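From first to last, the protein sequence lines stand for chains V and Y.
Sequential numbering from 10 applies to the first sequence in the working numbering.
Sequential numbering from 304 applies to the second sequence in the working numbering.
Note that the Cβ used here is the ideal one computed from N, Cα and C, for glycine as well.
On a predicted model such as this, the values are computed, not experimentally measured, just so you know.
One structure below.
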Amino acid sequence: MSSGTQPGTPAKPAVFPTMWNNKRAAFAFLAPAVAALALIGIFPTVFALVNSFRRYNLAKPRDPTPFIGLDNYLTVLYDPSFWGALGRTFMFLVTVVPIQIALGLIIALLLHKPGLSGFKLLARLSLVIPLATAPAVAGLIGRLIFNRDFGVANAVLAFVGAGPVEWLGDTTNAFIAVALMDIWQWTPFCALVLLAGLTMVPTEIEEAARLETKSRWQIVRYVQMPFLLPSVTVILILRTADILKMFDTVFTMTRGGPGAATELVSVYIQRVGFRVFDQGVASAQAIMLLILTIVLARLYVKYVYREV
Amino acid sequence: MRKKLWGAIAFAGALMTSVSAMAWTLEEAAQPYKGTNIKAIFLDRPGYAAAIKLLPEFEKKTGIKVNYEIVPYENSRERQVLDFTGGGEIDVVLTDVVWIGEFAGNGWLEPVKTFTDDAKLADPKLNLKGFFPILLESFGTWGDEVYGLPFDNYSGLLYYNKCTLQQAGFDKPPATWDELMNVYAPKLTDTANRKYAYALQSRRGETQSADSFMRVLWPFGGSLLDDKFKSNLNSAQSQAGLKFRQDLMKYMPPGIVDYDHAEAVNALAQGNVAMITEWSAFYSTLSDPSKSKITDCLAVATEPAGPAGLKPALGGFSLGVNAQSSDAKKAASWLFIQWVTSEEMAKPYIEAGGVSGRTEVYKDADIQKRYPFVAPMVASWDGGVPDFRPRFAEWPELSEVVAEWGTRMMLGNVSIEQGAQSIGARMEEILGQAGYYDGSKPLRK
Chain V
10 MSSGTQPGTP
20 AKPAVFPTMW
30 NNKRAAFAFL
40 APAVAALALI
50 GIFPTVFALV
60 NSFRRYNLAK
70 PRDPTPFIGL
80 DNYLTVLYDP
90 SFWGALGRTF
100 MFLVTVVPIQ
110 IALGLIIALL
120 LHKPGLSGFK
130 LLARLSLVIP
140 LATAPAVAGL
150 IGRLIFNRDF
160 GVANAVLAFV
170 GAGPVEWLGD
180 TTNAFIAVAL
190 MDIWQWTPFC
200 ALVLLAGLTM
210 VPTEIEEAAR
220 LETKSRWQIV
230 RYVQMPFLLP
240 SVTVILILRT
250 ADILKMFDTV
260 FTMTRGGPGA
270 ATELVSVYIQ
280 RVGFRVFDQG
290 VASAQAIMLL
300 ILTIVLARLY
310 VKYVYREV
Chain Y
304 MRKKLWGAIA
314 FAGALMTSVS
324 AMAWTLEEAA
334 QPYKGTNIKA
344 IFLDRPGYAA
354 AIKLLPEFEK
364 KTGIKVNYEI
374 VPYENSRERQ
384 VLDFTGGGEI
394 DVVLTDVVWI
404 GEFAGNGWLE
414 PVKTFTDDAK
424 LADPKLNLKG
434 FFPILLESFG
444 TWGDEVYGLP
454 FDNYSGLLYY
464 NKCTLQQAGF
474 DKPPATWDEL
484 MNVYAPKLTD
494 TANRKYAYAL
504 QSRRGETQSA
514 DSFMRVLWPF
524 GGSLLDDKFK
534 SNLNSAQSQA
544 GLKFRQDLMK
554 YMPPGIVDYD
564 HAEAVNALAQ
574 GNVAMITEWS
584 AFYSTLSDPS
594 KSKITDCLAV
604 ATEPAGPAGL
614 KPALGGFSLG
624 VNAQSSDAKK
634 AASWLFIQWV
644 TSEEMAKPYI
654 EAGGVSGRTE
664 VYKDADIQKR
674 YPFVAPMVAS
684 WDGGVPDFRP
694 RFAEWPELSE
704 VVAEWGTRMM
714 LGNVSIEQGA
724 QSIGARMEEI
734 LGQAGYYDGS
744 KPLRK
């Protein structure tokens, strides 16, 4: 009675308590994830942002750490080594990503074909192996594969009567060797994402297209490709972010050498941040890289992504 | 009467000294710290494996538990600096010769005096003068204060395959760098069969800057810096050394710029190169039949001399105590360091695969006979350069510059002169910012 409802009349839905309960439930579910993200993602980013405006060298604990405005950013802008490393990173990006997408597409199309389900399951599982390999381990494996004297790469070349090739001691070949390791590790990722995209194509449309044309390419180009564009966008965004922060494989495989041949931008930032310990400049570099990643992601979404 | 009095005083003094000397034992000194856990940073190198073999004896005697973490050399400074700045867990600090200025200058290391002044902790037989002076000065001392005791000690040595040399008509190793390149190398290089006279580990990193670049400066009379801390790389002597390295590359395996210690040692161990200049610590690897094919042909000598004489590479590590550790952990750490670097433990340490920094042990005829690297190593330490690499806090930053441009020079991407100029300009910029040119920092290296 205290609620004021009359007997026999239907009770009004308790809107506010339900919303409150829903909010509480949502909060309870989201809070741990948000807290974890804040702790390991947002806080370090904000900390890096603050550091990027300070003179701050970890190895000089007695020096003051004043705010110096945009000095660290200007240092980065006028640093030819940073631009060299960034240029090398883009060269790496435009070398490996198209190859990974092309190979990934071929693998995905093969796995998408009907039949041989047991074999395909095995193939899908084996695609996960490179992905499950730690990048640092991939770099160490790469060091063995491309060893001049006893590496598998030169053994294969010797089998066809070529080589031996000086892989890791030559500037161009070292770049190629690191690229090959990246292609080995990340092509399966592209294949799996594209395979997921192919499953989005309605079977009736695919079957109708097969009745219309026998050209495999035309089916890929006009029927399957529109459904793959969201997957390609995802691959471009993730692989770009990955390559811009790629460190472990390169460091264990070549340490950025010989010379600066494989010094990608993250290897350079690690040098500044953890060899020189200049946290101010390294943070400015990292923030600039973050901005670049966001801009590229927006460009990919704008120019590549299409709703079917 | 007076004579008798002095005699009595002298006798009493001697008695007290001997009693106090007899009274000090490790077990008793460690009694208050029984059950204390301390943490050390070790590398994956023979000297540390040797210490690990000896650890149970220390732990049994003292009840102090020594935990250790093995880290790759390239990460070891980063690991420790982050620990110092973040307030961490390391008690026994591993200090490379080139980090002493940074670690001690920042107050991260406890001066040894803290412990040697404490009669309860100082072993009367410590004998700091029993270390090779060059080692204690280079690895352990900064600004006249001792911060660490030499533990893992290296001198650059010439390791060679005497069988290969004999087959080429040489019954002794080259005495000079000039002889190595112009007399020995042509006869020992057979590129068709992938056999090379010499390998100089030159991979980017400290290997390039310390093992490769600096190694060719000193013997030719050159140096990185002059007395005013300006670049000396474009002096005639430094240029001669760097040019020599470039010329010598035709007798080295292709891809030498990617050779680290492991590759250079392995190239000699597998019989692919006839000579290498490597640290004394690698003798145990090269003389191990499970890792080396040339154990019967292995021979060791001092590094070849240059126009400026014998100036071998100098490297190594001291062990010190973290100034931020608790008093109990500091004391326990000191007892461990004092014990593992003691004269008493020098022989067991060598027998376990380490290289002691104590002078006395190398006078032992048995040690001299069993370890052929001892005589050339002692000769090298007697005539070495204490500041083979500058030990100030800016070295890691300079090392990065030298490593990058040093490999570029070797690859022929830049000329020797251009490379030296680039390094010099960057180096002076770093040292200028650090305050060496405006008098705000003393010129100490």
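In the displayed model, Trp-521(Y) falls within a helix according to three-state DSSP. Burial check for Asn-430(Y): the Cβ neighbour count within 10 Å stays below 16, so the residue is exposed. Using a Cβ-Cβ cut-off of 8 Å, Asp-179(V) counts as an interface residue toward chain Y, since at least one Cβ of chain Y sits closer than that to its own.
Residue contact with chain Y for Val-285(V): present (Cβ-Cβ distance below 8 Å to some residue of chain Y). Close partners of Leu-67(V) in chain Y (Cβ separation under 8 Å): Val-384, Leu-385, Thr-388. Taking a cut-off of 8 Å on C-beta distances, the region 604–616 of chain Y does not touch the region 430–445 of chain Y, as fewer than three cross pairs fall below it. For Arg-219(V), there are no C-beta contacts with chain Y under 8 Å, since the nearest C-beta of that chain is about 52 Å from it. A Cβ-Cβ separation of about 5 Å places Pro-144(V) in contact with Thr-258(V) under the 8 Å criterion. Just so you know, the alpha carbons of Arg-506(Y) and Thr-261(V) end up roughly 12 Å apart. For the set Ser-441(Y), Val-396(Y), Lys-533(Y), Phe-547(Y), the Cα lying nearest the Cα of Asp-481(Y) is the one of Phe-547(Y). Residue-level contact by beta carbon fails for Ile-373(Y) and chain V, as no gap is shorter than 8 Å. Going by beta carbons, Ala-183(V) and Thr-263(V) fall inside the 8 Å limit. Interface with chain Y (8 Å Cβ-Cβ cutoff): Arg-63(V) is excluded. Between the C-alpha atoms of Lys-650(Y) and Pro-197(V) there is a straight-line separation of about 55 Å. Counted as a single uninterrupted DSSP element, the alpha helix (DSSP H) harbouring Asn-569(Y) occupies residues 564–572. Between Arg-747(Y) and chain V, the shortest Cβ-Cβ separation is not below 8 Å. Distance from the Cα of Ala-572(Y) is smallest, within the candidate group Ala-543(Y), Cys-466(Y), Leu-622(Y), Phe-691(Y), for Cys-466(Y). Excluding the 5 residues flanking it on each side, Val-384(Y) has no same chain C-beta neighbour closer than 6 Å.
Not flagged as an interface residue toward chain V: Pro-522(Y), since no C-beta distance is shorter than 8 Å.
Residues Ile-341, Lys-342, Asn-625, Ser-628, Lys-632, Ser-636 of the same chain have their beta carbon placed closer than 6 Å to that of Asp-394(Y), with the five preceding and five following residues left out of the count.
Checking the DSSP bridge columns, you'll see Asp-493(Y) partnered with Lys-498(Y). The beta carbon of Lys-364(Y) is closer than 6 Å to those of Leu-329, Glu-330 in its chain, skipping five residues each way along the sequence. Proximity of chain V to Asp-493(Y) at the Cβ level (cut-off 7 Å) is not reached, the minimal Cβ distance being about 15 Å.
Neighbourhood of Glu-175(V) in chain Y, by CB distance below 7 Å: Pro-557, Gly-558, in chain order. Here Asp-191(V) is buried. Its C-beta has 16 or more other C-beta atoms within 10 Å.
Burial is judged here by how many other beta carbons sit within 10 angstroms of a residue's own beta carbon; Glu-509(Y) has at least 16 and is buried. Setting aside the 5 residues that flank it on each side, Asp-347(Y) is surrounded in the same chain by Ile-373, each with a C-beta closer than 6 Å to its C-beta; the list follows chain order. Under the 8 Å Cβ criterion, the region 352–363 of chain Y counts as touching the region 655–669 of chain Y, having at least three qualifying pairs. The DSSP assignment places 395–399 as complete runs of the beta strand (DSSP E) inside the region 371–441 of chain Y, in order along the chain (cut-off: 3 residues). With 16 or more other CB atoms across the displayed protein chains lying within 10 angstroms of its CB, Val-704(Y) is buried. In terms of Cβ geometry, Ile-437(Y) and Trp-684(Y) form a close pair [threshold 8 Å]. Segment contact: the region 233–251 of chain V against the region 106–114 of chain V, three or more CB-CB distances shorter than 8 Å; contact assigned. If you check the CB distance, Phe-91(V) and Tyr-314(V) do not come in under 8 Å.
Annotated three-state conformation of Ser-659(Y) is coil, per DSSP.
Interface criterion not met: the Cβ of Gly-289(V) is under 8 Å from no Cβ in chain Y. Counting along the chain, the unbroken beta strand (DSSP E) around Ile-341(Y) starts and ends at 340–345.
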